[in-house]
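Note sheet for the following structure.
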Amino acid sequence: MAKIATAERVSREVSDNFVFQRSLLAYHAAAGLIAGDVLEIGTGSGYGIEVIAPHAARFVTVDKHAPSAELVDRPGVEFRRATVPPLPFDDASFDSVISFQVIEHIERDAAFVAEIGRVLRPGGLFIVSTPNAPLSLTRNPWHVREYTADGLSALLLRGGFAQVDMQGVFGNERVMAYYEQNRQSVARIARLDIFDLQHRLPRRLLQLPYDLLNRLNRRKLLRENTALTASIRMDDYRLAPVTSPDDACFDLFAVARK
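Using the working numbering, you'd call the opening residue of the sequence shown number 951 and step up by one each time.
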């Protein structure tokens, strides 16, 4: 049996393509906004480094896991290993902080936001993406919580940011066709949970079963419709303002200014 890699760390595996391409959009959108000294929280597999690093005078990236050997060789990039919060940096150390698909994993999200505000210089930007809760197909036990647009905006404003521009990551017809196939597949799996254990059990007991089923489901969708899964590109997604709780965006993309 093939090795089952965690689906929580987005990779270039073809079965991840639906998620990978929209995650890549966040980096390209941020690249046009950042400058100077830049901090990333959540290196992940490192696919965003090549997008961000050329736009930064100094680029520091932090993750709770040690970087792989091929990442360490990247010139001009400083890697730190740390569990956050807190952040291992002095006050006012950075002009921009980016963090994509991380905040939903953080127990103390208010402290996390406060720490980002602390290490930012006046006028600095915090650019954050996270899943849009209304579009989640099932409980993700790896997430401490998921956010609505209003909830994320309120968290950032309470954390001391003066302005928040809330955008959403939307998909075109090709993306929505994949999403519908995924929705139907997840619904079939969820019907097997006749006791609603996904909402009754502590999330830590559900993490590994969820991860296994998530990975197997993505690979099943790839086998059943390889052309659709592989054809999705970053350009099939777009950023647009979130104007209503009913907006069908997959991720929230917020730009908060200190």
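The beta carbon of each residue, even a glycine, is placed where N, CA and C say it ideally should be.
Because the structure is a prediction, the values reported are computed rather than measured.
Asked	Found
Inspect the beta-carbon positions of V988 and S1079 and report whether they are closer than 9 Å.	no
Below 8 Å, can you find three or more Cβ-Cβ pairs linking the stretch 1034 to 1053 to the stretch 1074 to 1091?	yes
For T993, does the count of other Cβ atoms within 10 angstroms reach 16, so buried, or fall short, so exposed?	buried
Give the secondary structure of S965 by DSSP, where H, G and I count as helix, E and B as strand, and everything else as coil.	helix
Less than 9 Å separating the beta-carbons of G1101 and V1192?	no
Put R959 into one of helix, strand or coil per three-state DSSP.	coil
Return helix, strand or coil for G1067, following the three-state DSSP convention.	helix
By alpha-carbon positions, which one of L975, E1000, G998 ends up nearest to F1200?	L975
Please classify L1155: is it buried, with 16 or more other beta-carbons within 10 angstroms of its beta-carbon, or exposed?	exposed
Suppose you measure from the CA of Y997 to the CA of V1069; what does that come to, to the nearest Å?	24 Å
Per DSSP, which one or two residues make a beta bridge with Y1187?	G1121
Using only alpha-carbon positions, find the residue among R1169, A1190, R1188 that is nearest to A1180.	R1169
Figure out for me which residue from E990, A1177, H1093, V1114 has the closest Cα to the Cα of P1152.	H1093
So, A1061 versus P1036, is the Cβ gap smaller than 9 Å?	yes
DSSP three-state call for V1010: helix, strand or coil?	strand
Can you tell me which of the three DSSP states T1179 falls into?	helix
Assuming S965 contacts L1172 under a Cβ cut-off of 8 Å, what Cβ separation, rounded to an integer in Å, is found between them?	4 Å
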